Amino acid sequence: MMKKRITRKTIILTAVIGGILLMLTVIGNTIVSSRQMMTATDDAVSEVSSFYLEAMADQRAKTIANLIDSNFDDMEKAVAFIKDQGIKTDQELRDTLGSVKSLLSLDGFALADEDNIVHKQYTTYTGGSRHAFLSEEEMEERDVSTFSNYGSTKEVCLAAPTPDLQIAGKPYKASFVQFDIREIIDLLAFDDEGRTYFGLYSKNGECLSDTDLGPYIAKNNLFDSIKGILPEDEWNTMHENFSNGVEGDTSFTANGVVETISYVPVENTDWMMAALISESVIHDRLQSVREKSQTLSNNQIIFILLFSGIFFLILFLMLKDLSKKDLEAEKENTRTFRHMANTDSMTGVKNKHAYSDAEAYLNQMIRDGQIEKLGIVVCDINGLKHVNDTLGHAAGDKLIQDASTMICKFFTHGAVYRIGGDEFTVVLQEKGYESMTQVIEEFNREVEGNIEKNEVVVSIGYSTLTSEDQCVHDVFERADQMMYQRKQQLKAMGAATRS
Amino acid sequence: MKVISRRISIALLALISVLSFTSCSAASSDLQAAGEVLANTEEGASGAEIKTSVHSAVNFDHELMPYEPKKDHYNFYFTYKTVHPWWDAVALGMEDAQRQFLDKGITVTYEYLAPESASAEDQTKRLLAAEEAGDYDVIGVDVADEAIISPILDKMSDDGVKVMTFSSSDAADGCKRIAYVGNTHNYEDGADLTEALCKKLNYQGKVAILVGSVGAPCHEDRAMGAKDTIAKYPDMEIVATEYDMDSVDLAYDLTLQILQDHPDLDGIICCNMSNPVGAARAITEKGSDAVIVGMDHDQEALHYLKDGVIYCLGVQDCYSIGFDTLQIAVMIADGNQPGELFDEKTDETTTVIYQEDAPIMLSLLYGDE
Chain A
10 MMKKRITRKT IILTAVIGGI LLMLTVIGNT IVSSRQMMTA TDDAVSEVSS
60 FYLEAMADQR AKTIANLIDS NFDDMEKAVA FIKDQGIKTD QELRDTLGSV
110 KSLLSLDGFA LADEDNIVHK QYTTYTGGSR HAFLSEEEME ERDVSTFSNY
160 GSTKEVCLAA PTPDLQIAGK PYKASFVQFD IREIIDLLAF DDEGRTYFGL
210 YSKNGECLSD TDLGPYIAKN NLFDSIKGIL PEDEWNTMHE NFSNGVEGDT
260 SFTANGVVET ISYVPVENTD WMMAALISES VIHDRLQSVR EKSQTLSNNQ
310 IIFILLFSGI FFLILFLMLK DLSKKDLEAE KENTRTFRHM ANTDSMTGVK
360 NKHAYSDAEA YLNQMIRDGQ IEKLGIVVCD INGLKHVNDT LGHAAGDKLI
410 QDASTMICKF FTHGAVYRIG GDEFTVVLQE KGYESMTQVI EEFNREVEGN
460 IEKNEVVVSI GYSTLTSEDQ CVHDVFERAD QMMYQRKQQL KAMGAATRS
Chain B
29 MKVISRRISI ALLALISVLS FTSCSAASSD LQAAGEVLAN TEEGASGAEI
79 KTSVHSAVNF DHELMPYEPK KDHYNFYFTY KTVHPWWDAV ALGMEDAQRQ
129 FLDKGITVTY EYLAPESASA EDQTKRLLAA EEAGDYDVIG VDVADEAIIS
179 PILDKMSDDG VKVMTFSSSD AADGCKRIAY VGNTHNYEDG ADLTEALCKK
229 LNYQGKVAIL VGSVGAPCHE DRAMGAKDTI AKYPDMEIVA TEYDMDSVDL
279 AYDLTLQILQ DHPDLDGIIC CNMSNPVGAA RAITEKGSDA VIVGMDHDQE
329 ALHYLKDGVI YCLGVQDCYS IGFDTLQIAV MIADGNQPGE LFDEKTDETT
379 TVIYQEDAPI MLSLLYGDE
């Protein structure tokens, strides 16, 4: 029994400690994993933003380059078409330019002759001061340029030499198209809810696209804007990259916000395409991911705590139930032991040990003055030795049991103790005390009747507590003496005695 | 453009308001524009008034007048003094009007041509060639030299050709050209710029005058306005008058020479668009303190104004000149004469701007902050 209890406690203790350790380990691991994921995310932001921006800038640069190539191709087709028309008059030229416009959708298509006279569908004008590419005496290669028009529009001019073109005998210098740069920029725009910015720049950092490169740089000169907030060597590198048409990226902090710029050259032009994103935008973008992750981690922790709580509650209840059962069993055992220790096995009344306990208790009560009414009855079985000797111990035991039964029958309101082989004591208090004299008289009459019937004879003496008594034994002594006197009386009446 | 008292200016503005309410749109817009010029040049005008005027100095927001052309196709010939960005700005206004006619289903074709350098002889040849071609509804000219060109225009008119003048230089008084669209106050522009310079110099000092092309009415009139203004102040002296023939490089060289001859030069009056650019370059290079006043909207000149090298600039509304020239040419081609539809001289504004106005003008004209 003892061994089983220890094993069970050990198992429970192990389960509790193990459970707590497991719970702490899982929670700790969850928190650490969550933090590590966030740190890894932060580290990835810079790399991803640069990569993302570079791809974005590169895509736009290619779009522009393709658009320019497409325009130049169309211009070549237009010139070839015009050559084939055999134009002889200005009106025929205007009509042909109108056809080119509708056939190839080249809205701003124009030709410039050797005198820098520009021919369009509806207008012929002197263009020397209006078109920079005409300042060259002879045009040798394609020219892509931007300029600020009077009226603040920025325009793109794509010009190509036309060395073999003659109309009505007059050599022509170039063909060109000119259009608002916003026509290109509108093609590049897409709805990303203002998270990223881009701009087309000249090599000196002038914004050609009239687009905001973020709130800090806006439409201002790129290099002027970031001078002072970008380390000088990085600024110089970027400036050099722009000058040489080399792609790159850089980051700077403006107004507490980290901005990343990627830039790539636009093929066959002097332009650079730049894209910018604020790190905060990426962080904001990742915020939902972070929040989800955080929520997941929190849920995990809550689940673990909940699960552990339920587990420990069940464990506690089981332990409590187990302890209660053990306690009750122990109490029962104690009761059994105590009962066995205080009960006479032969008669079923309380034994000498129980009387000693009761006597000690009563003595304390007497000392404390808490008891006034106490009666002690001392009983002794007459002729027990004679029965044992003549009829055997079984008969003797039977006599004892009969005596006990008779005593208990009369002293129903008293505590009966077997204190010796043939001796009983009855302790009377309260109701038993009040009826003591009457009961003794009835008892004695019964005994005297038994003498004639040769049945069990018990001599009794009694006494009550007096003010001089110091303890129960004082009362007992008087009752015992009285009992001997009664025994002599009964002998005289024919009852057997020990002697 | 004159320096007049605040009281007159206020009275003019009041008149403008009344005219606006009575819906005299065409006339009132001219007067309003004139009023803005006057208000802007008015000494002591409030900052708010100046800014408003600067913003409206060039009007890019035009609509054709409610006139129904009689034909669906017109063909014009325009020639001007010389190849120069100033006339390119005029061309943009013309092209705007051309687009708006096209939107109404009316095709307007034209030639807009000039020599590399100003020349009355070249202009004469062009005009006669255009007359001989005979297929132009109207021939327009920015007069290179009124003495030479005016008789040519008279003869063309006598021959039945519909002739108009435009941009900055009209023909001589009494010329038979039908109408003029452009700056009608070149003399006043020169006088007002010079008045501003004199005040800045506390009405004493040596000044030089740079002029554009010899004989060009607009340039000569401004120079005349400048000279007459200087003459009012006994402590002011004109030490040199030079012509740059509308060349920035020549303006630069001439200014260097003037500074060499007169190291104590106090100011330079520039009468055309190239003058102030060349003068500012030279002044900057030499570290001179000479105060520059000049004409027009050259981007480089506006930057010099922004930087304080140039004191003030008179900015003409070239866009409106071009726009109005084309739509009045259509009316003239239809046989209309000055009167209810258009004035014999359609005035366009000049706005004097100062250093604080330069960023606005740079943004307005060039998107340049």
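Sequence lines, in order, name chains A and B.
Numbered by my numbering, the letters in the first sequence go through residues 10 to 508 in order.
Numbered by my numbering, the letters in the second sequence go through residues 29 to 397 in order.
Yeah, the Cβ is synthetic: ideal placement off N, Cα and C, and Gly gets one too.
Quick caveat, the model's predicted, so the values are computed rather than measured.
With a 10 Å radius around its C-beta and 16 neighbouring C-beta atoms as the bar for buried, classify residue i as buried or exposed.
i        : result
A/Asn463 : exposed
A/Ile238 : exposed
B/Asn68  : In this predicted model, B/Asn68 has a pLDDT of only 40, less than 50, meaning its place in the structure is not dependable; the value taken from the coordinates is given anyway. It counts as buried.
B/Ala251 : buried
A/Tyr181 : buried
A/His128 : buried
A/Ser130 : For clarity, residue 130 of chain A is Gln in the given sequence; the question names Ser instead. It counts as buried.
B/Ser33  : Because B/Ser33 carries a pLDDT of 41, less than 50, the predicted location of this residue cannot be relied on, and the following value inherits that uncertainty. Answer is exposed; the Cβ neighbour count stays below 16.
B/Glu123 : buried
A/Val153 : buried
B/Ser178 : buried
B/Gly168 : buried
A/Met10  : Low local confidence applies: a pLDDT of 43 at A/Met10 is under 50, so the model's placement there is unreliable, with the coordinate-based value given in what follows. A/Met10 should be labelled exposed.
B/Ala148 : buried
B/Val209 : buried
B/Ile296 : buried
A/Ala404 : exposed
A/Pro170 : buried
B/Asp89  : exposed
Quickly, what does DSSP pair residue i with across the bridge? List them, please.
i        : result
A/Met281 : A/Tyr210, A/Pro274
A/Cys388 : A/Phe433, A/Ile469
A/Ser260 : A/Thr269
A/Gln479 : Answer is none; A/Gln479 lacks a bridge partner.
A/Lys359 : A/Thr352, A/Tyr426
B/Val239 : B/Tyr271
B/Thr193 : B/Val169, B/Tyr208
Considering Cα atoms alone, identify which of the options is closest to residue i.
i        : options                                : result
A/Asp233 : A/Pro224, A/Asp219, A/Asn213           : A/Asn213
B/Phe129 : B/Phe351, B/Asp281, B/Gln365, B/Leu181 : B/Phe351
A/Lys97  : A/Ser144, A/Ala177, A/Lys86            : A/Ala177
A/Tyr471 : A/Lys496, A/Asp221, A/Asn459, A/Trp244 : A/Lys496
A/Met281 : A/Glu249, A/Ser260, A/Arg299, A/Val298 : A/Glu249
A/Pro224 : A/Gln68, A/Leu285, A/Pro172            : A/Leu285
A/Lys110 : A/Val448, A/Phe185, A/Ala488           : A/Phe185
B/His213 : B/Gln344, B/Gln383, B/Asp170, B/Gly233 : B/Gln344
B/Lys260 : B/Glu270, B/Val242, B/Cys226, B/Glu248 : B/Cys226
A/Gly160 : B/Gly121, B/Phe194, B/Thr374, B/Val136 : B/Gly121
A/Gln303 : A/Ile40, A/Asp258, A/Ile20             : A/Ile40
B/Leu293 : B/Asp100, B/Asp277, B/Val276, B/Gly315 : B/Gly315
A/Arg139 : A/Ser114, A/Glu149, A/Leu113, A/Cys166 : A/Cys166
A/Leu231 : A/Tyr210, A/Glu243, A/Asp242, A/Thr246 : A/Tyr210
A/Arg454 : A/Asp478, A/Ile416, A/Gly423, A/Glu443 : A/Ile416
A/Leu33  : A/Ala363, A/Leu314, A/Arg151, A/Arg299 : A/Leu314
B/Ser196 : B/Lys190, B/His247, B/Asn230           : B/His247
A/Asn397 : A/Asp389, A/Leu408, A/Ala24            : A/Leu408
Is there at least one non-hydrogen atom of the ligand MN closer than 8 Å to the beta-carbon of residue i?
i       : result
A/Ile21 : Of ligands this structure carries none, so the ligand MN is not represented either.
- Task: Taking only beta carbons into account, state which residues of the stretch 129–144 of chain B come closer than 9 Å to chain A, listed in chain order.
- Result: Leu130, Thr135, Val136, Thr137, Tyr138, Glu139, Tyr140, Leu141, Ala142, Pro143, Glu144
Contact residues within the stretch 93–107 of chain A, judged by C-beta distance below 8 Å to chain B = Arg103
Threshold first: 4 residues or longer. Then list the alpha helix (DSSP H) segments lying entirely within the stretch 84–165 of chain B, N to C.
113–131, 148–161
Exercise. Can you list, in chain order, the residues of the stretch 96–113 of chain B whose Cβ is nearer than 8 Å to any Cβ on chain A?
Worked result: Val111, His112, Pro113
- Message: Taking beta-carbon pairs under 7 Å, can you tell me which members of the stretch 371–396 of chain B lie near chain A?
- Response: Ser391, Leu392, Leu393, Tyr394, Gly395, Asp396
Query - Residues from the stretch 206–223 of chain A in contact with chain B, defined by Cβ distance under 7 Å - result: Asp219
### Members of the stretch 142–160 of chain A that neighbour chain B once the beta carbon cut-off is set at 8 Å
Ser157, Asn158, Tyr159, Gly160
Note to self: To be precise: take each residue of the stretch 163–188 of chain A, compare its Cβ to all Cβ atoms of chain B, and keep it if any distance is under 9 Å. Which residues remain?
What the structure shows: Lys163
Could I get the ranges of all uninterrupted alpha helix (DSSP H) runs contained in the stretch 143–227 of chain A, with 4 residues as the minimum, in chain order?
191–197, 223–226
Residues of the stretch 130–141 of chain A whose Cβ lies closer than 9 Å to any Cβ of chain B, in chain order:
Gln130, Tyr131, Thr132, Thr133, Tyr134, Thr135, Gly136, Gly137, Ser138, Arg139
Return the chain-ordered ranges of every alpha helix (DSSP H) run that is complete within the stretch 275–353 of chain B and spans a minimum of 4 residues. 276–289, 302–314, 327–334
Interface residues of the stretch 72–91 of chain A facing chain B [CB-CB below 8 Å]:
none
(message) Using a Cβ-Cβ cutoff of 8 Å, what residues of the stretch 205–235 of chain B are near chain A? List them in chain order.
(response) none
Chain-ordered residues of the stretch 325–348 of chain B with a beta carbon less than 8 Å from chain A: His325, Gln327, Cys346, Tyr347
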